[in-house]
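Protein chains in written order, with my numbering: chain A, 46 to 161; chain B, 32 to 142.
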């Protein structure tokens, strides 16, 4: 299957700092990428849709000023958690549709964020 | 928006038995239904998917069925093995848009 990478795989930071997470499609171009958050023993919840060349679309209840998304190129989307707090500690996963077939999505390996 | 319900939340079977996980969806426009397997701390892995123009799809020990009228779809795993133990998620989407996930099923296969 297609390859989606994510960096870093885990990060520990102090409360109040900002953390940037990168999501890359390695062997295909993705005009759209999706960012999910997964708390322990829970399902994946869509946070936002990242669109190359335009603003991200955020799901209800997700603060766009706190979770900054930038889709800089056809292979890279970044999620920045600004002024992180302990309640932001979670598993953040991106996904990208490959386009072949159009609906199939592959996930990055995820980033585990722990805010102290 | 779309809402996906998944049952059961936990499922324990004996090795060699079959496992069935069921999902229902609310948006009749949804036309793509993938199933993902997630092991602890890892990414969800696509194991099988089905599109709305098909009623059933099979890949070795895994099969998925879709009933568009009733808006439900199911995952069937036959001859379960301990390595099948994981959390399974169903999802639904329309035309390659974002996936809406079910709540997940923790499958435990006892040797």
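Glycine included, each C-beta is placed from N, C-alpha and C at the ideal position.
Item: Under 9 angstroms between C-beta atoms of residue 50/B and residue 106/B; Value: yes
Item: Nearest-angstrom Cα separation, counted from residue 135/B out to residue 181/B; Value: Chain B is shown only over 32 to 142; residue 181/B falls outside these bounds and no answer can be derived.
Item: Residue 97/A beta carbon less than 9 angstroms from that of residue 119/A; Value: yes
Item: Close Cβ partners of residue 72/A (< 7 angstroms) along its chain, the five nearest in sequence each way excluded; Value: 47, 48
Item: Positions along the stretch 119-148 of chain A whose CB lies within less than 7 angstroms of some CB in chain B; Value: 138, 142, 147, 148
Item: Local Cβ density within 10 Å of residue 55/A, reported as buried at 16 or more and exposed below that; Value: exposed
Item: Chain B within 9 angstroms of residue 151/A, Cβ atoms only; Value: yes
Item: Beta-bridge pairing of residue 82/A - partner residues as DSSP gives them; Value: 90/A, 137/A
Item: At least 3 beta-carbon pairs within less than 8 angstroms: the stretch 102-119 of chain B vs the stretch 60-72 of chain B; Value: yes
Item: CB contact flag (residue 158/A, residue 134/A, <9 angstroms); Value: yes
Item: Beta-carbon gap between residue 125/B and residue 63/B smaller than 9 angstroms; Value: yes
Item: Pair within 9 angstroms by beta-carbon distance, residue 32/B and residue 58/B; Value: yes
Item: Reference residue 77/A; option with closest CA among 149/A, 89/A, 130/A, 141/A; Value: 141/A
Item: Identity of the residues DSSP links to residue 52/A by a beta bridge; Value: 67/A
Item: Proximal residues, the stretch 51-64 of chain B versus chain A, C-beta separation under 7 angstroms; Value: 63
Item: Interface residues of chain B facing residue 62/A [CB-CB closer than 9 angstroms]; Value: Going along chain B, no residue has its Cβ under 9 angstroms from residue 62/A, so there is no contact; the nearest lies around 23 angstroms.
Item: Segment limits, beta strand (DSSP E) that includes residue 87/B; Value: 87-90
Item: Contacts that residue 124/B makes with chain A (C-beta to C-beta distance below 7 angstroms); Value: 148
Item: Within-9 angstroms CB hit, residue 90/B to chain A; Value: no
Item: Partner residues on chain B for residue 94/A, Cβ-Cβ distance less than 7 angstroms; Value: 129
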